[in-house]
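K.L.:
Below is one structure. I have some questions about it.
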Amino acid sequence: MQSRCGLAMFVILLLLVFHIPAWAGTTALPDDKIAVANGTVITSKELNREIKIFKERLARSGNQISDIQLEAVKPKILESLIEQELLLQESRKKGVTVLPEEVEKQFARVRNRYPTKEKFVEAITRIDLTEDELRKKISKVFAINLFINAQIADKITVTEEEGKSYYNSHRDLFRKPA
C-alpha cells in the first residue's frame, strides 16, 4: 500500500513536471530568489537541494547524470518546485490539514532506512536538509497527496468493463518477461 501511494505520487509529479506549465514571476528577482509562485519565493537554495535529491535518487538506482543532462533537467526541476508550491497553496485553501503524528510516522520510516542515526544525519546533510526541514518536506508532500486524492484521484472511477477492455487492448503491457 505504501509503495503504491509513493508510486502514485511519483507518477503525478512526473505528469505535473512534463505536462502542466508553471509560470514564475517574470520580474527580476534579487539575490537568491529565482522564482515566485503566487507570491511565495523559491530560492536557488531550494532548487539546488532538489537537484541534489534528484542526483542522489539517480545514484541510488545506479545511474549518473552528466552536467549537460543536468542543465537540461534543471528547468524541469524548477517547474516541479513551482507546481508543488501551487499545489500546497491550493491544499491550504481547501483546508487540507496534516496530522503531526502522520509526519512523525513517515519521518520514522525514513530514519529507519538507515542503520544508525549518524548515517541518517549524514544522508540528509548531503542533500542540505536538517531533520526539521525534512519534517516540513514530509508535511508538504502529505498535504499535496491529500489534496490530489480529494480533488482528482477519488473522483476517478474505472468500471470493471473499462478495466477489462483496457487490459484486452494492451495485453503486451501486462506480459511478464520470460
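In short: position in the sequence shown from 1, add 507, done, that's my numbering.
Ideal placement from N, C-alpha and C gives every residue a C-beta, glycine not left out.
What does the alpha-carbon distance come out to for the pair Thr623 and Thr632?
P.N.:
One-based indexing of the sequence shown puts residue 623 at position 116. One-based indexing of the sequence shown puts residue 632 at position 125. Distance between the alpha carbons of Thr623 and Thr632 is about 14 Å.
K.L.:
Does the region 572-585 come close enough to the region 614-628 that 3 or more CB-CB pairs lie under 8 Å?
P.N.:
Result no; under three Cβ-Cβ pairs closer than 8 Å.
K.L.:
Which of the three DSSP states, helix, strand or coil, is assigned to Ile651?
P.N.:
One-based indexing of the sequence shown puts residue 651 at position 144. In this structure, Ile651 counts as helix in the three-state DSSP scheme.
K.L.:
Give the DSSP bridge partners of Ile549, in chain order.
P.N.:
Position 42 of the sequence shown, counting from 1, holds the residue named residue 549. In the DSSP output, where bridge partners are listed per residue, Ile549 has Ala542.
K.L.:
Assuming Ile589 and Ala542 are in contact, meaning their beta carbons sit under 8 Å apart, how far apart are those beta carbons, in whole angstroms?
P.N.:
What you label residue 589 is simply residue 82 of the sequence shown in a count that begins at 1. What you label residue 542 is simply residue 35 of the sequence shown in a count that begins at 1. Yes, they are in contact, since the Cβ atoms of Ile589 and Ala542 sit about 6 Å apart, within 8 Å.
K.L.:
Any idea what DSSP makes of Val617, helix, strand or coil?
P.N.:
On the sequence shown, position 110 is the one that residue 617 refers to. Helix.
K.L.:
CB Val605 to CB Phe649, shorter than 9 Å?
P.N.:
Counting from 1 along the sequence shown, the entry for residue 605 is found at position 98. Counting from 1 along the sequence shown, the entry for residue 649 is found at position 142. In contact: Val605 and Phe649 (Cβ atoms closer than 9 Å).
K.L.:
Between the region 643-658 and the region 599-615, are three or more C-beta pairs nearer than 8 Å?
P.N.:
The answer is yes - the region 599-615 touches the region 643-658, with three or more Cβ pairs under 8 Å.
K.L.:
Which residues in the same chain have their Cβ closer than 8 Å to the Cβ of Glu609, if we skip the five residues on either side of it in sequence?
P.N.:
Against the sequence shown, residue 609 aligns to sequence position 102. So the qualifying residues of the chain are Phe649.
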